[in-house]
Structures are given as structure tokens and as C-alpha cells.
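Novice: There's a structure below that I have some questions on.
4 protein chains.
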Amino acid sequence: MGIIGVIGGSQVSSEIYRLAYEVGREIGKRGHILVNGGLSGVMEASAKGAKEEGGLVVGILPGHSKESANPWVDIPVVTGMGEARNVIIVRTADVLIAIDGRYGTLSEIAFALVFGKPVIGLRTWECDFPIIRVETPGQAVEEAEKFLK
Amino acid sequence: MGIIGVIGGSQVSSEIYRLAYEVGREIGKRGHILVNGGLSGVMEASAKGAKEEGGLVVGILPGHSKESANPWVDIPVVTGMGEARNVIIVRTADVLIAIDGRYGTLSEIAFALVFGKPVIGLRTWECDFPIIRVETPGQAVEEAEKFLK
Amino acid sequence: MGIIGVIGGSQVSSEIYRLAYEVGREIGKRGHILVNGGLSGVMEASAKGAKEEGGLVVGILPGHSKESANPWVDIPVVTGMGEARNVIIVRTADVLIAIDGRYGTLSEIAFALVFGKPVIGLRTWECDFPIIRVETPGQAVEEAEKFLK
Amino acid sequence: MGIIGVIGGSQVSSEIYRLAYEVGREIGKRGHILVNGGLSGVMEASAKGAKEEGGLVVGILPGHSKESANPWVDIPVVTGMGEARNVIIVRTADVLIAIDGRYGTLSEIAFALVFGKPVIGLRTWECDFPIIRVETPGQAVEEAEKFLK
Chain A
2 MGIIGVIGGS QVSSEIYRLA YEVGREIGKR GHILVNGGLS GVMEASAKGA
52 KEEGGLVVGI LPGHSKESAN PWVDIPVVTG MGEARNVIIV RTADVLIAID
102 GRYGTLSEIA FALVFGKPVI GLRTWECDFP IIRVETPGQA VEEAEKFLK
Chain B
2 MGIIGVIGGS QVSSEIYRLA YEVGREIGKR GHILVNGGLS GVMEASAKGA
52 KEEGGLVVGI LPGHSKESAN PWVDIPVVTG MGEARNVIIV RTADVLIAID
102 GRYGTLSEIA FALVFGKPVI GLRTWECDFP IIRVETPGQA VEEAEKFLK
Chain C
2 MGIIGVIGGS QVSSEIYRLA YEVGREIGKR GHILVNGGLS GVMEASAKGA
52 KEEGGLVVGI LPGHSKESAN PWVDIPVVTG MGEARNVIIV RTADVLIAID
102 GRYGTLSEIA FALVFGKPVI GLRTWECDFP IIRVETPGQA VEEAEKFLK
Chain D
2 MGIIGVIGGS QVSSEIYRLA YEVGREIGKR GHILVNGGLS GVMEASAKGA
52 KEEGGLVVGI LPGHSKESAN PWVDIPVVTG MGEARNVIIV RTADVLIAID
102 GRYGTLSEIA FALVFGKPVI GLRTWECDFP IIRVETPGQA VEEAEKFLK
């Protein structure tokens, strides 16, 4: 059992939303804690999936109020620190799954690599960095689990 | 149900440890989430109490690794931000209970007052500020509950 | 020469404003760097005083834009981290002068004591903590200078 | 006149060190403020160059003490927040010049893009993002100046 971070954009296509939801379901089903940024898009979809399978969801929020969290967050951690909260998501997760995403997600992948945390990538940034690329939500969580004790 | 923050020193007498433990037990018994700084002293004692009653404990850690958390923390939130994490404890809690404590605790009481969060004080700082003073762990959690919906 | 932090409220009486302005003038005159929170009240008054004497003013801002800084800030450091920036003001200063102030100032005094930094108090919080109390702006800066190499 | 951020690795080849030094000289010569992370490598080289031309250097430090700053930093801003300080460098700069660099630099480029700040790239990350690529230190500072009022 471990803490899996899911990172990705706040505005996504319905296809990406579905993928993130499936990733969340797999995480919940397998009894892991999900940590993410607590807002919309990939954050919301993965939280929803995890909750529907009985998982526990931690949302590390950038703003000043827990009201900004999506309805599937169990534990809203209110930082009031804006994008600096990305660092906390990455440090809190044992392993990260990146799905789609724009520059915020790129900052999180970068921090994961700074801290030596493994990153599993599902339709995400293609730069010259060592992340593990997968094709399906199931593969993403399977690969992530290899890094958990 | 709500999120109750417990703040207090990392090095405490056995009497204060016992008080913090009883506060944690009351929080766990009543089904609230406990958030604190995740380390020793009041943080450890309250976490232990809450866990023994089946509660959920969130530890907002100052350091770079979840290994620094005491054994009763369920969710170690790893900030890597040192004492700036005090702000996050206060923002995350709906209401705070301050037990004993030195300057770090004083910074947390001060932030709670900045953010307009209620503070219940049990043998803690006596300055000219509006916190609610109580005499026992039971009273502390009862007073705290009045601020939860 | 050193870095002197000036902390105090953002809304102050004209008397306190004048005291903070005089403290800023003394800091500027003696060639020290002034660091503060960059906004109004004591922050503005001390910055204005320092600038008028040719000093250098660093404003550690809580918000997302340098436009929030008062006009006497030379170096606006934009944190986007809200009140967590109080920690940075305290860590950056070699010594702090607290003037008046409410809960935010109290949090800064508390952090200074956590980090072992000297605090000179001019009409500020009266709690049971070891700060050096003075009566005039001149005394405040003289006492602060004793801690600078 | 403006605040130019220079980002890049802490461990660099002598060729990159020289490029960063030249970028710093151009910044100092033209009267801009240089902000960077205050440590070694690109941070040190650019600070050295700027100081030799009479510029002002602000170092936003990750650690707990100003002693970690390189000798060419005029204003050591001590955050104690680890890599979260990368956000502050980016927010404080009006425009950024990225030179070489690894994952920390990538996080800074990503934050600049999140915040809508222009990034000039000199031998740095090649991902699919909109940064302005240049070949020489002189071009880097010229391009950066176009974004300053």
C-alpha cells in the first residue's frame, strides 16, 4: 500500500477525463491513497474513480479555502501557496502518474525527477527525460505499484 | 464531522503528553479528522490517541521525507518547506486546539487569528488575544465541535 | 552592514506611521538593507523613510504581482504564497524590529524566536517572550545594530 | 530597467559557466537587476558577471542560511522552503533566461509558462514549449530586454 500521485491538466477532453477516472478506479480498488491537486479535470476524474472504489483521496489545494476542492476529495489540504503546492504533491506521493497536462503538470514531472521519484506517463509530455510510458490506465497503476513496498 | 488541528510543542512533560493523548482520543472517538505537524510531543500524543479510537490522522511534515512522521500518522503530507508548513496546518484545520507549546505554537495561534479560525487553548500561551480557554481535554474537543457543522 | 527586517501592521495610526518612518530613516542613514512585507502601514512608512535616506528596500510580497508593492520598494520579491511569506521575511533578516502590529506581526515575532533571531520591540505585542523593548526609533535601530557584524 | 531571472544548473561545464558569466555581464552592464537561485554553476557565474559590471544580484536561496549564497549575491533571500523557492524566482523575474540546466531548471521553465512569463533559452531544454531560442549571451539579454518597459 502506498500513496500514488496523479497529475494532469485541469481542463481536459472527455477521453482524457475517462482515462484519469479509470486510473483513479484502479488506485481505489487496490487500496492505495490517491493524492492530487484537488481541483478539476484529471484531478477530479481520478478522485471520482478512486472514491467510487472506496479509496481515500487527498487534495493539496493551491487556494485559501477547502471549498475549492472537488466533491470527491476526502482530505482537503489547504496550502494558500498557489503553484508552490505542486512541490508538496510530488513530495507526498511515493510514485506519480502523469496524464496529459500542460505546464503545471510539466513542473510536477520536473520536480519528481529532481526528487528521484518515479513517474509513469500516460499520454503526457514527451521531453528527453526518464519517465515510464504506458498505454492504458491499468498498465499505469501496475507500473506504479512496482515502486511501492 | 470536521478537521481539528492540534498544535503544541515537540518536547513536553509527561503530563502535557497525557493531555494531548486524551484530546486525540476524544477527536478519534467523535469521528473527526486530526491534523497536526506529524512529529513528536503533542503531535505524537494526539495522533496516538486518535488512532487508538479509530480516527484518521494527517501529519503536515516540515522535512523532506515521510520517515520523519510519528507512527500514528496515516497521511504524511511532505512539504519540504520547514516552518512554513505551520501555515498549512492552520489553513487545513476548521478549528484548532493549542496545548502548551513554545514559539512554533505561538506562530500557529497567530496564523489562526489572522485567518479568523477559532482556537481552543489548554495550558497554552497567555497573550492578549481572543482564544477560548478550557481546563480539560474533554472540554477542549467539546468547544472545538461547536465550530463544526 | 546588515539586513534589518521591519515588521508591523498594514493599518496603523498616524503616530505609528511616523515611528515606522523614523525607523526606516535610521536604517537608510546607516547603510543597512531594509526587508519587510512590501505593503502598506508600517511596511510602507519604513520603506519610505529608508528610501529618503538612500537605503535599499526589499519587499517580500504575499501576492502574485509586483504591482502590489508600495512605491518605495526597490526589489519586489513576489512569492505568491500568502502569509507563508512571513517566514521568508524573518529568515532573510539578520535582526527584526517589530512596531505595533496585530496577528501577522505576532506570527513573525514567533518565527524570529523559533529561528533564534533577535527582535527589538517598539510599542508591539506584550507576551511572555524575550524581545528587547525600546522607546524610540533611534534606540530601535541602535539595538538592532548590536547584532550586526 | 527590469528584473531578469537567470536559471540553469548548479553543476556545469566550463563552457556553460562562461556563457552564464557573459549573460550576467550583459545584465549588469545594462543596469538590470539579476535574480537567480543564489548557489553554484549558472547561478554563480551569472552573479559574478553582473557584479563585475556593477549590477545588483538577488539570490533566492532554498536553505536556511544566507551563508549558502555564492559570494556575488548582494541580497540573499532566505526561504527555507527547498525547491519551492523555484516558484519565487520565476514570479519575481519579469523575464527569464534559461541556460543549460537539468530538472530544476525544467521546473522553472514550466512555472514561467504557467505564469505567462517569457523565457529565453540558451542551450537549454528542447521540449515542445514556446520559448525563444538564442545562440549567444548578447542575444539572450537583447531578447529579454524586449519584454522590459
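Sequence order for the protein chains is A, B, C and D.
Quick note on my numbering: the first sequence kicks off at 2 and runs consecutively.
Quick note on my numbering: the second sequence kicks off at 2 and runs consecutively.
Quick note on my numbering: the third sequence kicks off at 2 and runs consecutively.
Quick note on my numbering: the fourth sequence kicks off at 2 and runs consecutively.
Virtual Cβ for every residue (Gly too), placed ideally from N, Cα, C.
1. Tell me where the beta strand (DSSP E) around Ala99/C begins and ends.
2. Are the C-beta of Ala85/D and some C-beta of chain B separated by less than 8 Å?
3. Does the beta carbon of Leu40/B come closer than 8 Å to any beta carbon on chain C?
4. Name the residues in the region 106-136 of chain A whose C-beta lies less than 9 Å from a C-beta of chain D; which are they?
5. Going along the region 61-82 of chain C in order, which residues come within less than 8 Å of chain D, judged by CB to CB distance?
6. Looking only at its chain, what residues have a beta carbon closer than 6 Å to the beta carbon of Gly32/D, apart from the 5 residues adjacent to it on each side?
7. Determine, for Val88/D, whether the minimum Cβ-Cβ distance to residues of chain A falls below 8 Å.
8. Relative to the C-alpha of Glu143/A, which residue among Asn71/A, Gly64/A and Ile28/A is closest?
9. Taking only beta-carbon positions, decide if Lys104/A is within less than 8 Å of chain D.
10. My understanding is that Val91/A touches Ile76/A, with C-beta atoms under 8 Å, so please give their C-beta distance in whole angstroms.
11. Would you list the residues sitting across from Arg134/A in a DSSP beta bridge?
12. Under three-state DSSP, which class holds Gly39/A?
13. Determine, for Ile17/C, whether the minimum Cβ-Cβ distance to residues of chain D falls below 8 Å.
14. Within the continuous beta strand (DSSP E) that includes Leu57/C, where are the two ends?
15. Assuming Glu45/D contacts Asn87/D under a Cβ cut-off of 8 Å, what Cβ separation, rounded to an integer in Å, is found between them?
16. When you compare the CB of Ile34/B with every CB in chain A, is at least one pair closer than 8 Å?
17. Show which residues of chain B have a CB atom less than 8 Å away from the CB atom of Arg92/A.
18. Secondary structure at Gly10/D, three-state DSSP: helix, strand or coil?
19. Under the three-state reduction of DSSP, which class applies to Val74/B: helix, strand or coil?
20. Name the chain C residues whose beta carbon is nearer than 9 Å to that of Val59/D?
21. Can you give the Cα-Cα distance for Leu40/A and Thr137/A, rounded to whole angstroms?
22. For Gly42/B, which residues in the same chain have their Cβ closer than 6 Å to its Cβ, ignoring the five residues on either side in sequence?
23. For the candidate residues Val24/B, Ala21/B and Asn37/B, whose alpha-carbon lies nearest to that of Thr93/B?
24. Between the Cα of Arg124/D and those of Phe112/D, Ala145/D, Lys52/D and Gly102/D, spot the shortest distance and give me the residue it belongs to.
25. Our contact map puts Ile98/B next to Ala48/B with C-beta atoms below 8 Å; I'd like the distance itself, whole angstroms only.
26. Within the same chain, show all residues whose beta-carbon is closer than 6 Å to that of Met82/C, passing over the 5 residues directly before and after it, in chain order.
27. Can you grab the Cα-Cα spacing for the pair Ala85/A / Ile61/D, in whole Å?
Specialist: Let me lay it out:
1. As a working mapping, residue 99/C is identified with position 98 in the third sequence. Element bounds for Ala99/C: Val96 to Ile100.
2. What you label residue 85/D is simply residue 84 of the fourth sequence in a count that begins at 1. With 8 Å as the cut-off, Ala85/D counts as an interface residue toward chain B.
3. Reading the second sequence from its first residue, position 39 is the one you call residue 40/B. It does not: the Cβ of Leu40/B has no partner Cβ on chain C nearer than 8 Å.
4. Thr106, Leu107, Ser108, Glu109, Ile110, Ala111, Phe112, Ala113, Leu114, Val115, Phe116, Trp126, Glu127, Cys128, Asp129 and Phe130
5. Ile61, His65, Lys67, Ile76, Pro77, Val78, Val79, Thr80, Gly81 and Met82
6. Reading the fourth sequence from its first residue, position 31 is the one you call residue 32/D. Correct list, in chain order: Met2.
7. As a working note, residue 88/D is residue 87 in the fourth sequence. Chain A contact via Cβ: present.
8. Counting from 1 along the first sequence, the entry for residue 143/A is found at position 142. Nearest option by C-alpha distance: Ile28/A.
9. Walking along the first sequence from the start, residue 104/A turns up at place 103. Note on identity: in this sequence residue 104/A is Tyr, with Lys being the wrong assignment. It does: the Cβ of Tyr104/A has a partner Cβ on chain D nearer than 8 Å.
10. As a first step, residue 91/A must be located in the first sequence, where it is residue number 90. As a first step, residue 76/A must be located in the first sequence, where it is residue number 75. That belief does not hold up - the Cβ atoms of Val91/A and Ile76/A are roughly 17 Å apart, past 8 Å.
11. Within the first sequence, residue 134/A is the residue found at index 133, counting from 1. Answer by DSSP bridge pairing, in chain order: Gly122/A.
12. The residue given as residue 39/A occupies position 38 in the first sequence. In the structure shown, Gly39/A sits in coil (DSSP, three-state: anything other than H, G, I, E or B).
13. Along the third sequence, one-based indexing puts residue 17/C at 16. So, not an interface residue.
14. The count along the third sequence starts at 1 and reaches residue 57/C at position 56. Per DSSP, Leu57/C belongs to the beta strand (DSSP E) from Leu57 to Leu62.
15. As a working mapping, residue 45/D is identified with position 44 in the fourth sequence. As a working mapping, residue 87/D is identified with position 86 in the fourth sequence. Contact doesn't hold; Cβ gap of about 17 Å is too wide.
16. Within the second sequence, the letter at position 33 stands for residue 34/B. Yes - at least one Cβ of chain A is within 8 Å of the one on Ile34/B.
17. Within the first sequence, residue 92/A is the residue found at index 91, counting from 1. Per Cβ cutoff of 8 Å: His65, Val79, Thr80 and Gly81.
18. In the fourth sequence, counting from the first residue as 1, residue 10/D sits at position 9. Coil.
19. Locating residue 74/B in the second sequence gives position 73, counting from the first residue. Three-state DSSP puts Val74/B in coil, outside helix and strand.
20. Counted from its first residue, the fourth sequence places residue 59/D at position 58. By Cβ distance, chain C contributes Val59, Ile76 and Val78.
21. As a working note, residue 40/A is residue 39 in the first sequence. As a working note, residue 137/A is residue 136 in the first sequence. If I take the Cα positions, the gap works out to 23 Å.
22. The residue labelled residue 42/B in the question sits at position 41 within the second sequence. Excluding positions up to five away in sequence, the list reads Gly10, Ser11, Gln12 and Val13.
23. In the second sequence, counting from the first residue as 1, residue 93/B sits at position 92. With distances taken between Cα atoms, Thr93/B lies closest to Asn37/B.
24. As a first step, residue 124/D must be located in the fourth sequence, where it is residue number 123. Considering only alpha carbons, the answer is Gly102/D.
25. Sequence index remark: in the second sequence, residue 98/B carries index 97 (1-based). Sequence index remark: in the second sequence, residue 48/B carries index 47 (1-based). Rounded, the Cβ-Cβ distance is 13 Å, inconsistent with contact.
26. What you label residue 82/C is simply residue 81 of the third sequence in a count that begins at 1. Counting only Cβ-Cβ distances below 6 Å, and skipping sequence neighbours, we find nothing.
27. Numbered from its first residue, the first sequence carries residue 85/A at position 84. Numbered from its first residue, the fourth sequence carries residue 61/D at position 60. One C-alpha to the other measures close to 14 Å.
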